[in-house]
Each structure stands twice: as C-alpha cells, then as structure tokens.
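Worksheet for the structure shown next.
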Amino acid sequence: MDIYGFLLSPITRIAGIGDKVALRLQKRGIATIGDLLLWMPKAWIHDHVQPIANLRAGEPARVVGTVREARIVGEGKRARAHFVVEDKTGAMELVFFHAGFMARDARWRPGMRVAVRGVPERKGLLWRMVHPEWVPAARFQEGIAPVYPSCAGFSGRRMGAWIAEALRRLPRAPSPWDEELGLPLWQALRAIHTDPESEEAWRRLLQEEWFAHLALMRAKRAAARTPAPALAPGRLCQRLVAALPWPLTPAQQQAWQDIATDLSSGTRMHRLVQGDVGAGKTVVAALAAAAALEHGYQAALMAPTEVLARQHHATLAEVFAPLGMEPLLLTGSVRGKARCALLTRLSAGEPVLVVGTHALVSEEVRFAKLGLAIVDEQHRFGVRQRWALADKGRGVHLLSMTATPIPRSLALALYGDLELTVMRGLPPGRKPVITRVLRDRRGLKPALARLFAAGGRAYWIAPRVEEDEESASVLARARQLAAHFPTAGVQALHGRMRPEEKQAVLAAFARGECQLLVATTVVEVGVNVPEARAIVIEEAERYGLAQLHQLRGRVGRSHEQGYCLLLPSPRASDAQLARLRLLEQCHDGLRLAEEDLKLRGAGDLIGTRQSGAAEFRLLDPTKHGAQMLEWTELAPKAPPSEALVRFWKPDFAAAD
Ligand code: ADP
Ligand code: MG
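If you use the numbering used here, the sequence shown corresponds to residues 26 to 681, in order.
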C-alpha cells in the first residue's frame with residue numbers, strides 16, 4: 026500500500042478507536058492515522074525490568090512476573106481487583122480500583138505473564154503497586170520508551186498504544202522523496218517514536234514538510250497567474266491623494282507604485298506589503314481600493330478581529346469622505362436587516378468598498394463584481410483564509426498586508442505565493458518611543474500616576490500564563506492596578522471577551538474614560554489610540570524582539586513622546602537582558618527581526634502558533650527559520666505527489 030494512502034486513512038482503522046473516540050480526537054485535529062503519528066512524545070523513560078527484590082519504595086519501576094493469585098472484591102464497575110505477581114526474586118501485590126472490567130478480562134488469571142510499571146510501596150512484608158500501567162509480557166519491549174501527552178481526555182498511555190499499533194501497521198513502502206532526503210519516510214516516522222536521539226529522522230520530516238510547502242507555493246503562484254481586469258489608477262485615486270491631510274511618505278509612494286503597476290497589468294496581483302507598525306499601510310490599501318472602485322469593481326478588506334475591522338472602517342470612512350464615498354462594514358455583529366441590505370448590495374454588484382472580519386468569506390456573502398481583495402495582518406490568517414477572500418470572484422487581485430517584520434529571504438520562502446513590497450520608515454514627525462529595561466520598578470507607579478494626572482493613557486501587557494489562564498492573569502493584574510490607580514478607570518481586555526465587550530473597553534480607552542488598559546499580547550494587534558503614551562510589558566524576556574517592537578508600536582502614534590517600559594522577570598538571564606536592551610537603541614523593526622533570527626534562530630518572527638497561521642504540522646518558523654532558509658536550495662526538482670501534499674498541507678489542499 027502507498028504510504029500516504031495509509032497515513033491519510035481514518036483513525037478508526039486503528040483497533041480500539043471507534044466512532045466516538047474518533048470524534049473526540051478529531052476535535053483536537055487528529056482525524057487520520059498520519060495525524061496520530063504526528064502526536065509527539067513529550068519525554069522518554071528508561072524502561073528496564075527490575076527484580077522485585079531490588080525495588081525501592083517510591084521509585085517508579087518496571088516488573089515482569091507471573092500472576093499467582095487473582096481476587097476481586099465487590100461487584101460491578103466499582104469492584105476492586107487484587108493480584109499477586111511473582112518473579113524469581115519475590116512477590117508483589119497489584120491493586121486496581123473501579124476494576125470491574127478486569128474481573129471480566131480473561132487474561133487476568135493465574136499463570137498470566139505481565140509487565141507492569143508503577144510506583145512500588147511497602148505493605149507489611151509485601152511490595153504493592155496501585156494502578157500500575159501494564160501490558161502482556163509478550164508485548165513489552167525493554168529499553169527506552171516514549172511518554173506521550175494526553176489528548177482529548179485520553180491518557181498519554183492510550184495515545185501511545187494507538188500510536189504503537191499505527192507503527193506496527195505502517196507500510197514499509199518507499200515514498201517519492203526518500204532518496205533526496207536520505208531516509209525512507211516510514212523509517213523516519215518510526216524513529217521519532219522509538220528513538221530519543223533521532224535528529225536525522227526529525228530533520229528528514231521537517232525537510233519534507235518544508236519542501237511540500239515550497240512546492241505548493243510555487244504551484245499556487247503559477248496557477249494564480251491568470252488574467253484579471255486592468256485597474257489602472259485614475260482620477261479617483263488622484264483626488265484621494267489630494268484630499269489626504271499629508272503627503273504620502275516615500276515608502277507609501279513606492280508601495281503604491283508597485284501596486285498600481287500590478288493592478289494595471291491585466292494579470293492578477295498577489296502582493297504582500299510588509300511595513301512596520303504605524304508605517305501607514307491603511308492609506309495604501311485605500312488607494313488600491315479606489316482604483317477598483319473607479320473601474321466599477323468592488324473591493325473588500327478583511328481584518329483578523331472585529332475591533333480592527335471597525336477601526337479600519339472608521340479610518341477609511343474619513344479617507345473617503347472628501348470624495349463623497351462611504352465604505353461598508355460587515356462583521357459578525359452586523360445582523361438582521363442591516364446585514365441583509367448589505368448582502369444585497371454586494372450581490373447586486375454595486376461598486377463599494379466593504380471592510381470586515383472573516384464574516385466576509387462566509388458562504389452567504391456573494392460579490393457580483395469583486396475586483397480587489399485586501400487582507401490585513403495576513404499572518405494571523407491561515408493560508409486557506411488568506412486566499413478565501415480572493416476566491417470570492419474570478420481574477421480577483423490580492424493585496425496582503427503585514428506588520429510582522431520578517432527578513433526578506435524568509436518572507437519570500439514562507440509566502441512564496443506572493444510578491445513582496447517592503448515599506449521602511451515611519452511618517453515624519455514621530456519621535457522614537459523612549460524604551461527602557463526596568464529592573465528596578467520603584468519609579469514605575471509614580472511615573473504612571475503623573476502620566477494619568479496629565480490626562481495620558483497607557484497599556485499594561487500582562488504575561489500570558491497559559492492559553493486557558495489568559496483571562497485570569499489579565500483580570501488579576503487589572504484588579505491590582507485598579508486598587509493602585511483608583512481614578513484611572515483601569516479596564517481589562519482579553520481573548521475570552523465577546524466582541525461587543527472588547528469594543529466597549531477599547532472605546533472607553535479611546536475616549537479617555539479608561540486611562541490604563543490591561544491586556545495580553547494576543548489581543549488586538551494594530552489598535553490605534555494616538556493618545557496612548559506608554560506601554561508597560563511584564564516578563565518582557567518571553568517575547569521576541571520583533572514582537573516587542575510591534576507592541577511598542579501601540580504608542581508614539583502622535584507628536585507626544587511615547588514610552589515603552591520593559592519589565593524583565595527576576596528569572597531573566599544576563600543574555601536575555603542584553604537582548605532586551607537592543608530595543609533601547611534600535612527602532613527599526615526589520616533590523617530587530619534580523620537580530621532575532623541571529624539570536625534565537627528566527628525568534629518569534631512569525632508570531633507564535635496561536636496566531637492562526639499554524640499552517641505547519643511539525644515546522645515552527647520561530648525555531649527552524651534559519652534551517653528552513655538553508656534548506657530552500659535543496660528542494661527536490663520533481664513535483665510532489667498529490668497525496669504527499671494532502672498529508673502535509675491538508676488545509677491548503679482543501680482550499681483548492
Ligand atoms: P499601519 O497600518 O501601517 O500600522 P496606519 O495605516 O494605521 O499604519 O497609520 C498609522 C498612522 O500614521 C495613522 O494615524 C495615519 O493617519 C498616519 N499616517 C499615515 N500616512 C501618513 C503620512 N503620509 N504622513 C503622516 N501621517 C501618516
Ligand atoms: Mg494596520
């Protein structure tokens with residue numbers, strides 16, 4: 026059997042995984058045998074058999090022996106099972122609670138050879154283990170064994186048993202890139218589950234995934250090079266520029282030039298505009314939209330969150346107002362009649378600019394004449410969503426925008442389906458944000474108090490403990506700070522809040538009723554509140570320089586001096602502190618990104634996996650970025666099979 030055929034088959038083919046179990050696993054992204062095989066060990070144990078005579082209380086051990094006595098106490102599900110197991114050196118009692126099923130298990134009878142692992146304790150003269158793990162002795166292999174994380178409520182041990190079964194049945198068949206990658210795929214998959222020192226296997230798998238990605242990007246780029254309406258910018262664009270309160274910066278002019286050339290070409294545009302936070306990308310997007318509108322086409326701008334969508338809508342409304350035009354807004358909270366009316370206008374082909382969230386790509390939205398799709402903060406969307414908006418029409422130009430500064434070479438490899446424009450520098454008149462690493466925090470609260478007394482506003486970034494605890498840590502910090510600054514109207518913003526609630530908090534912050542906003546980094550990249558003068562970042566050493574730079578971009582958006590205060594945790598090492606201090610001097614996002622790449626092997630360049638762009642299965646650009654770049658030249662020339670792509674890039678494959 027073809028190895029990818031096996032990897033792509035449903036997990037229900039594994040013994041012990043029925044429909045119910047499969048459904049639960051599926052919710053955690055494990056639908057195929059291949060998905061299961063990418064569930065990685067979290068640790069390894071040395072699993073060697075110990076004679077019972079050598080056991081020590083409290084030290085986990087593996088014992089292999091023969092069952093001598095079996096005794097069931099009580100009845101039904103809650104029955105308790107006691108077994109006595111003997112090896113050549115002694116005897117040990119095993120106890121299982123809620124063990125009705127063991128009473129019925131025909132294997133658990135005197136004479137059975139069993140391998141158990143557990144924590145021995147002394148019970149009188151006898152050793153005892155309560156609820157040890159066990160397998161029939163014939164199935165036990167001495168040596169180093171993987172330990173798996175639990176998943177969807179299934180123990181790591183059960184996950185391991187299913188994985189072992191999948192490995193037993195894995196066809197030892199060749200796969201197309203075995204030769205280039207120096208190790209057959211099946212061997213590599215086995216190795217990562219059986220050998221803790223399997224760097225070679227890891228490298229091979231990571232390379233295959235990366236090559237699959239590159240091949241796909243190439244294919245996507247070639248396939249998308251199709252005819253599209255020529256939207257040469259004309260009068261409307263000129264009027265829009267003339268109506269702006271300031272001239273375009275050189276970087277904006279350059280980006281607009283690139284885009285205008287693409288739009289006029291008669292072939293689809295696929296351009297990624299990468300520019301520092303505050304570089305002024307929104308106006309560039311507005312110009313592109315104007316070009317579509319003046320040719321009678323529709324334009325759509327998609328942002329990752331409701332808050333951002335609303336903010337863009339407001340900004341664009343201002344930009345277009347002098348031309349007597351008004352953009353529309355479509356998010357999850359636009360409902361009822363308003364939504365119907367809007368959808369009708371879009372499906373009737375009215376040439377409008379619509380701004381929204383991923384609501385724009387939902388089934389019910391039909392564009393009769395979409396000419397331009399704009400995706401803001403594109404790295405926060407998966408590949409599939411990234412293309413979904415442009416796929417709402419035929420020959421739709423695509424403009425992606427990101428503030429994540431990634432070195433050009435890495436950006437080109439990661440987003441190889443797009444052309445790249447880099448916007449360097451900020452609009453004139455901005456003072457660089459004064460940045461300080463504060464190890465001594467005594468001056469911090471008085472300084473904030475002075476800022477609030479003068480009517481200033483600040484962000485406080487609380488550490489993100491765990492995804493689940495995000496809200497807890499933000500809320501706790503907000504309570505503390507509210508007690509300290511009772512008149513500052515302290516409010517909290519976190520991922521668990523409903524869009525309306527977030528909107529209300531941000532509105533209060535924008536109006537100045539709230540002067541201190543406590544949030545985590547996951548919340549709302551790109552929020553624009555020019556009156557925000559300071560940002561305090563706790564446990565700053567956790568973040569990449571580029572990410573810190575983005576956060577700092579929330580302040581200093583006006584002519585007032587902005588401040589960024591980095592609070593390292595007491596655990597921060599000297600090297601981490603030195604890294605943070607780079608931010609005190611350097612204000613160029615791209616240079617910081619390059620430093621990240623050097624210092625942390627790609628640092629947090631792409632944002633972490635929570636960013637929605639988790640388009641890789643094993644690769645993590647924050648860890649493997651530098652290697653990915655190195656490997657790019659090694660990519661096999663032969664195009665991969667369709668099954669290979671479906672295995673590594675299921676999200677992307679599904680988009681076609
Ligand atoms: P980005 O999306 O690139 O982070 P924005 O488009 O939100 O940046 O712009 C940031 C700020 O800069 C906005 O307040 C905007 O009004 C202002 N701005 C944009 N272009 C210019 C310009 N050419 N001159 C002066 N200010 C500008
Ligand atoms: Mg922006």
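Just so it is clear, CB atoms sit at the ideal spot from N, CA and C, and this is done for glycine as well. Being a predicted model, the structure only gives us computed values, none of them experimental.
Can you tell me whether residue 235 is buried or exposed, with buried defined as 16 or more other CB within 10 angstroms of its CB?
-> Buried, since its Cβ has 16 or more Cβ neighbours within 10 Å.
Proximity winner among 212, 351, 566 and 326, relative to residue 229 (alpha-carbon distances) = 212
Span of the beta strand (DSSP E) around residue 90 = 86–98
Tell me which same chain residues have a C-beta within less than 7 Å of the C-beta of residue 167, skipping the five on either side of it?
-> 72, 73 and 74
Using beta-carbon positions only, say whether residue 385 and residue 188 come within less than 8 Å of one another.
-> no
In the segment 37–87, which residue ranges form an unbroken beta strand (DSSP E) of at least 3 residues, counting only runs that do not cross its ends?
-> 68–72
Counting pairs of Cβ atoms below 8 Å between the segment 392–399 and the segment 309–327, do you hit three or more?
-> yes
Is the beta carbon of residue 80 sitting closer than 8 Å to the one on residue 59?
-> no
CB residue 402 to CB residue 488, shorter than 8 Å?
-> no
Closest Cα partner of residue 597 within the set 585, 572 and 566 = 566
Among 119, 182 and 130, which has the Cα closest to the Cα of residue 151?
-> 119
Indicate whether at least one CB of chain B lies closer than 8 Å to the CB of residue 382.
-> Looking at the structure shown, chain B is missing, and only one protein chain is on hand.
Skipping 5 residues on each side, what residues in its chain have a beta carbon closer than 7 Å to that of residue 191?
-> 39, 58, 61 and 62
Applying the criterion that 16 or more other CB atoms from any shown protein chain within 10 Å of the CB defines a buried residue, is residue 594 buried or exposed?
-> Flag for residue 594 reads exposed.
Under the three-state DSSP convention, the category residue 311 falls into | helix
What span of residues does the alpha helix (DSSP H) with residue 143 cover, start to end?
-> Residue 143 -> not in any alpha helix (DSSP H); beta strand (DSSP E) instead, spanning 138–143.
How about the segment 294–301 and the segment 445–453: do they share at least three Cβ pairs that are nearer than 8 Å?
-> yes
For the segment 242–251 and the segment 209–223, state whether three or more C-beta atom pairs, one from each stretch, are separated by less than 8 Å.
-> With the cut-off at 8 Å, the segment 242–251 and the segment 209–223 do not touch.
In terms of alpha-carbon separation, which member of 67, 54, 200 and 53 lies closest to residue 666?
-> 200
Keeping to the same chain, check which residues put their C-beta closer than 8 Å to that of residue 140; ignore five residues upstream and five downstream.
-> Excluding five sequence positions before and after residue 140, the CB atoms of its chain that fall closer than 8 Å to its own CB belong to 74, 87, 88, 89, 159, 160, 161, 162, 164 and 165, given in chain order.
Count the other C-beta atoms from every protein chain shown that fall within 10 angstroms of the C-beta of residue 672, then say buried if there are 16 or more, exposed otherwise.
-> buried
In chain order, what residues of the same chain lie with their CB nearer than 7 Å to the CB of residue 232, ignoring the 5 residues before and after it?
-> 206 and 656
Is residue 664 helix, strand or coil when you go by DSSP?
-> coil
Hey, how far is the Cα of residue 112 from the Cα of residue 102?
-> 30 Å
Would the segment 569–584 and the segment 601–609 be scored as touching if the rule is three or more Cβ pairs under 8 Å?
-> Yes: at least three Cβ pairs fall under 8 Å.
Count the other CB atoms within 10 Å of the CB of residue 83; is the residue buried (16 or more) or exposed (fewer)?
-> Here residue 83 is exposed: its Cβ has fewer than 16 other Cβ atoms, across all protein chains shown, within 10 Å.
Quick one: grab the DSSP three-state call for residue 347.
-> helix
Whole-angstrom Cβ separation of residue 542 and residue 518, contact assumed at under 8 Å?
-> The C-beta distance from residue 542 to residue 518 rounds to 6 Å, short enough to fall under 8 Å.
Does the beta-carbon of residue 414 have 16 or more other beta-carbons within 10 angstroms, so that it is buried, or is it exposed?
-> So residue 414 ends up on the buried side.
Considering only residues of the segment 434–484, which uninterrupted alpha helix (DSSP H) runs meet the minimum length of 4 residues and lie entirely inside it, listed in chain order?
-> Here the runs fully enclosed are 469–478.
Segment limits, beta strand (DSSP E) that includes residue 107 | Unbroken beta strand (DSSP E) run through residue 107: 105–112.
8 Å contact criterion, which residue 766 and residue 408 should meet: CB distance rounded = With the chain covering 26 to 681 only, the question about residue 766 has no answer from this structure.
Beta-carbon contacts of residue 117 that lie in its chain and below 8 Å, excluding the five residues immediately before and after | 77, 80, 88, 90, 109, 110, 111, 145, 151, 152, 153 and 154
If we count Cβ pairs, one from each stretch, closer than 8 Å, do we get three or more for the segment 259–269 versus the segment 426–440?
-> no
DSSP-derived helix/strand/coil call for residue 674 = coil
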